[in-house]
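Note that the sequence shown covers residues -17 to -1, 1 to 240 in mature numbering (1 follows the signal peptide of the UniProt record, and there is no 0).
Where a beta carbon is used, it is the ideal one built from N, C-alpha and C, also for glycine.
First the structure, in the form of structure tokens, and then the observations on it.
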Amino acid sequence: MFFKIIVVFGILGQISCHTWIEQLSLVDQDGQPTGDPGFIRGYVPRIAPNFIDDDNTNLLPQAPSLTFQDSDWMCKPTQVKGNQTNGAVLNAQQGDRVLLRYLENGHITQPSIPPNKPSSGQVFVYATTQPQDNDKFTAIHGQWTPDGTGGDQRGFLLNTTSFDDGRCFQFDPTRHSEIATNRNDVFGPGPSITETPNRWCGTMISLDDEFGNPFPAGTVLSLYWVWDWPTYVPGNAGTSPTILEQTYTSCMDVAIV
Ligand SMILES: *[C@@H]1O[C@H](CO)[C@@H](O)[C@H](O)[C@H]1NC(C)=O
Ligand SMILES: *[C@@H]1O[C@H](CO)[C@@H](O)[C@H](O)[C@H]1NC(C)=O
């Protein structure tokens, strides 16, 4: 099994490719992050002893499987609801907008690493007020719909957008990355001290239900952020590429107070 994993990873040329939601922030009138951030469930800060990216990432399919399994959990096992030991839930007010913030880790600014990625991918945010710790990935992703009538109807698709928000970058001191250099020159580093000299990416959401009505105070809204980043492995001449799924999830909650 171990050998197979190495072979697969060798074929894909995958190096460190990991992203999770670093912070949840309220935004001001200009869409800029403001106030105290919130954190994903089971968050492990980068400064924790022996920190590795895997502490926060949830990669699907789970090796050695190459396809999603109906048994796959939506959330990393450490990301059970209520596990906020290393960072609090975001507190929001009715009608607030929230930015789910993450680092692009080169997946936007170095588009050819790893190879065979047609784009930096697509992000989906699912919302539910009836989460279950063993929520299954395939029962939700591509199932829950914006109007809440999809799948088991316990939740809905709150937003979907590209991973690349058009502004974010990982600072490149060598200026080899044209994208990072352009964005640094045009937009500059992000507004918070923690992200400088980088500019973090963000997925914006409003705290509205599937009918567009703001969730009332007292609601605890669970959010499942899903990033699809498939690899298109070229086939022989005249054949279509093989699509290999590579997806990451982060699970989190927002308390509307
Ligand atoms: C809560 O999260 C921390 C950090 O990820 C993890 O070490 C711990 O095992 C988690 N607790 C549960 C009950 O999953
Ligand atoms: C969906 O996300 C995009 C990108 O962050 C944002 O521009 C848009 O306003 C969001 N839509 C809603 C309804 O929040």
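- Looking only at 73, 193, 151, the smallest Cα-Cα distance to residue 89 is reached by 151.
- With 16 or more other CB atoms across the displayed protein chains lying within 10 angstroms of its CB, residue 25 is buried.
- Counting only beta-carbon distances shorter than 7 Å to the non-hydrogen atoms of ligand 1, the qualifying residues in chain order are 25, 26, 27, 38, 60, 61, 63, 66, 68, 69.
- Proximity of the region 139 to 154 to the region 92 to 110 meets the contact definition, three or more beta-carbon pairs being nearer than 8 Å.
- Per DSSP, the continuous alpha helix (DSSP H) segment holding residue 163 begins and ends at 161 to 169.
- Counting C-beta pairs closer than 8 Å gives fewer than three between the region 159 to 168 and the region 40 to 50, which falls short of the contact rule.
- With contacts defined by Cβ atoms closer than 8 Å, residue 112 and residue 214 do not form a contacting pair.
- Bounds of the beta strand (DSSP E) holding residue 234 are 230 to 239.
- For residue 188, DSSP records a beta bridge to 81.
- Segment contact: the region 172 to 181 against the region 51 to 62, fewer than three CB-CB distances shorter than 8 Å; contact not assigned.
- No residue range can be given for residue 62, since it is assigned to no beta strand (DSSP E) and is classified by DSSP as neither H nor E.
- Sequence-distant partners of residue 39 (beyond 5 residues in either direction) whose C-beta falls short of 6 Å from its own C-beta, in its chain, are 3, 27.
- For residue 225, the enclosing beta strand (DSSP E) covers residues 225 to 227.
- Separation of the CB atoms of residue 191 and residue 197 is rounded to 5 Å, and the pair is thereby assigned contact status at 8 Å.
- At the C-beta level, residue 209 and residue 186 stay beyond 8 Å of one another.
- Around the beta carbon of residue 194, fewer than 16 other beta carbons lie within 10 angstroms, which makes this residue exposed.
- Between residue 237 and residue 73, the gap from beta carbon to beta carbon is short of 8 Å.
- Under DSSP, residue 142 takes part in a beta bridge, and its partners are 108.
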